[in-house]
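Quick mapping for you: the protein sequence lines, in order, are chains A and B.
The opening position of the first sequence corresponds to residue 67 in the numbering used here, with each subsequent residue numbered one higher.
The opening position of the second sequence corresponds to residue 217 in the numbering used here, with each subsequent residue numbered one higher.
Right, one structure below, let's go through it.
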Amino acid sequence: MQSLGELLSRGLSLPIPGPVIGMLLLLLALRWQTVRLPVASCASYLLSHLSLLFVPVGVGVMTHLGLLAHYGLRMLVVIVLSTWAGLAATALVVRYARSAHDA
Amino acid sequence: MPKFVDLWIYLSATPLFGLTATLMVYVLVQAAYSRLDQAAWANPVLWSVVVLACLLTLTGEDYQTYFSGAQFIHFLLGPAVVALAWPLWERRTALLMHWRTLLLAALVGGTAASSSALALGWALGLPHDVVLSLAPKSVTTPVAMGIADKIGGIPALTAVFTVITGMVGALSGNALMGWIKVPKTAHGWMAQGFAFGTAAHGIGAACALENDADAGAYAGLALGLQAVLASLLIPLLFWLF
């Protein structure tokens, strides 16, 4: 079922990563009970080992060690500050939208 | 140990090496992670990458040889993103109830994270492809890498940026939430969890889950929503400009 979604979405050359289209297709397909049962166990299993799947690509950073050595500190500054910006912006929007809703 | 050496030479010559090494290192690192009470700094992705990169450097294996084996694991990332539909489906009631607030927050938060990364990257004089690799770093890793690939960044670099982003969120998120005075009420947990999922993806979601079950659920929701929005909007914006 998942590979079907994957294949379907890879076929369409849209500016969106294929798996995301697959995810949307699956979300629509989950309306049906027959789809839901096999997907539930398979999806939970796959997602419980999500961290493992990032490892091979992560190791790829060793091919970019030169870049990291040269710009590492600046990259870290960018990452830390923009993560804080994202966290704060999201939390504040939810908080104000909720309190406006309740008032 | 001549036998061991023979075995090693045999293993390194086959794609099996990359696969076996990845799985073994991951299992060991995962065991260490649970023994350390899942501390944020003991993140299994980070340490697996560090250990494997050291191992490859020491044994003189090149990355291409390693990846010929490890690609079997890498391939599963695609189906894993598809599988994210499941946690979204499970939370469809909450999603439908608060969809306006959550959509707005995901848009604002995602834009803030990604545009501040682009602006700071350029201001600090990072190379163009590095800056592009920074743009999708708040999205869950497989999707972020797909986006980086589309807009001309370096997927491997994005993967590392994404993992570091998640760890920054998990390590400093609680302090930041206290500082901007997000209350520890039902709505506060919703705001906090959603923020963790939006800005710090899966690693942030795991942290939110430790704080509060609802925060964790909203973080999972935010992660999925951010994956969809970012993969639609970031390539579209780069295509337009």
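By construction, the Cβ of each residue, glycine as well, lies at the ideal position given by its N, Cα and C atoms.
Treat the numbers as computed from the prediction; the structure is a model and nothing was measured.
Would you say residue 114 of chain A lies against chain B (beta-carbon separation less than 8 Å)?
Start at 1 with the first residue of the first sequence, and residue 114 of chain A comes out as number 48. Chain B, which has no Cβ nearer than 8 Å to the Cβ of residue 114 of chain A, makes this no.
Quick one: using the 10 Å Cβ neighbour count with 16 as the cut-off for buried, is residue 242 of chain B buried or exposed?
Position 26 of the second sequence holds residue 242 of chain B. Buried: at least 16 other Cβ atoms inside 10 Å.
Does any residue of chain A bring its CB to less than 8 Å from the CB of residue 377 of chain B?
The residue you call residue 377 of chain B lines up with position 161 of the second sequence. So yes, residue 377 of chain B belongs to the interface.
Tell me which residues of the region 270-295 of chain B have at least one Cβ-Cβ distance to chain A shorter than 8 Å, keeping chain order.
272, 273, 279, 282, 283, 286, 287, 289, 290, 292, 293, 294, 295
Give the residues of chain A in contact with residue 332 of chain B, contact being defined as C-beta atoms less than 7 Å apart.
Sequence index remark: in the second sequence, residue 332 of chain B carries index 116 (1-based). The answer, in chain order, is 147, 148, 151.
Have a look at A:140, A:132, A:110, A:134 and flag the residue whose alpha-carbon is nearest the alpha-carbon of residue 339 of chain B.
Here residue 339 of chain B refers to the residue found at position 123 of the second sequence. Taking each of A:140, A:132, A:110, A:134 in turn and checking the Cα distance to residue 339 of chain B, the smallest one comes out for A:140.
Would you check if there are 3 or more beta carbon pairs closer than 8 Å linking the region 369-383 of chain B to the region 340-347 of chain B?
yes
Give a yes or no on contact between the region 396-407 of chain B and the region 380-388 of chain B, applying the rule of three or more CB pairs nearer than 8 Å.
no
Is residue 157 of chain A closer than 8 Å to residue 396 of chain B when the C-beta atoms are compared?
In the second sequence, the residue the question calls residue 396 of chain B occupies position 180. In the first sequence, the residue the question calls residue 157 of chain A occupies position 91. The answer is yes: Cβ separation under 8 Å.
Would you call the region 238-252 of chain B and the region 438-448 of chain B in contact, with 3 or more CB pairs under 8 Å?
Result no; under three Cβ-Cβ pairs closer than 8 Å.
Does the region 272-283 of chain B come into contact with the region 408-418 of chain B, if we say contact requires no fewer than three beta-carbon pairs (one atom in each stretch) closer than 8 Å?
When C-beta atoms of the region 272-283 of chain B are compared with those of the region 408-418 of chain B, fewer than three pairs fall below 8 Å, so the two segments do not count as touching.
Would you say the region 116-131 of chain A touches the region 276-286 of chain B, given that touching needs at least three Cβ pairs under 8 Å?
The region 116-131 of chain A makes contact with the region 276-286 of chain B, as at least three CB pairs between them are under 8 Å.
If we ignore side chains and look at the alpha-carbon of each, how far apart do residue 110 of chain A and residue 269 of chain B end up?
Counting from one through the first sequence, the residue named residue 110 of chain A turns up at place 44. Counting from one through the second sequence, the residue named residue 269 of chain B turns up at place 53. If I take the Cα positions, the gap works out to 29 Å.
Between residue 135 of chain A and chain B, is any beta-carbon pair separated by less than 8 Å?
Against the first sequence, residue 135 of chain A aligns to sequence position 69. Judged by the 8 Å Cβ criterion, residue 135 of chain A is not in contact with chain B.
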